[in-house]
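J.:
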Amino acid sequence: MEDFPSLEDALAAMGKMQLREKREQQVFQSTVDQEEAITCLCQCCPPRHSQEEGDYCCASLFSLPLLKKGILLRDGLIAKLKEGGSHSCITEDPLFKDCILKEEIALTSAETFSMLSGEPITDQNKALRYGAYRHFVAKTIGHLGKGVRIRLPSCFVHTVREKWPSANYTGFS
């Protein structure tokens with residue numbers, strides 16, 4: 001029987017896994033592009049001082065070099081935006097106002113996930129935010145797969161959080 005790894009080896013392996021997961025969630029090709037992407041061009045992002053590392057403006061999806069998940073998101077938005085991107089922010093498009101930000105639709109998405117996962121809904125606003133995020137991904141990209149995640153544009157997250165607020169947010173983790 002093989003020996004268990006030392007605590008140091010286990011921590012080093014976990015650190016490598018976390019770094020790989022973080023890279024897989026990145027949208028932009030370089031850290032310089034990521035830093036530029038946080039600059040709000042759509043006028044709907046939260047104030048910069050309240051943004052987290054990795055946040056980005058929806059407009060940067062159309063102007064900066066992207067990695068695979070960023071390309072999937074951009075191409076999905078191009079295909080789904082009802083008014084062809086004529087608004088300065090994706091949250092102003094009817095796709096979001098009439099579909100994703102509708103309480104009934106977000107709740108249906110959250111209830112479906114709750115049924116499938118067996119996790120009960122204990123916080124209505126949290127469930128609505130989660131439902132809106134899941135519906136956004138489903139409408140723009142499709143199903144990513146179990147455990148596969150993508151950081152969403154900060155203007156979209158900010159709009160959802162304003163609609164269904166919480167006393168404390170955990171952010172993207």
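With the first letter of the sequence shown counted as 1, position 48 gets the number 48 in the UniProt record's numbering; the numbers rise by one all the way through.
Glycine residues also receive a C-beta, built at the ideal position from the N, C-alpha and C atoms.
(1) DSSP three-state call for PHE4: helix, strand or coil?
(2) So VAL27 and LEU67 are supposed to be a Cβ contact under 8 Å. How far apart are they, rounded?
(3) Please report the residue range of the alpha helix (DSSP H) in which GLU35 lies.
(4) For SER166, which residues from the same chain have a beta carbon less than 7 Å from its beta carbon, with the 5 sequence-adjacent residues on both sides left out?
(5) Using the DSSP secondary-structure output, state which residues sit across from LEU66 in a beta bridge.
(6) Verify whether the separation of the beta carbon atoms of LEU128 and GLU92 is less than 8 Å.
(7) Give me the Cα-Cα distance between PRO65 and GLN29, rounded to the nearest whole angstrom.
(8) Might you give, ordered along the chain, the residues of its own chain that have their beta carbon closer than 8 Å to the beta carbon of LEU95, omitting 5 neighbours on each side?
(9) Check each candidate in TRP164, LEU144 and LEU11 and name the one with the smallest Cα separation from LEU101.
T.: Judging by the given coordinates:
(1) coil
(2) 6 Å
(3) 31-37
(4) ASN125 and LYS126
(5) PHE28
(6) no
(7) 6 Å
(8) LYS80, LEU81, LYS82 and LYS139
(9) TRP164
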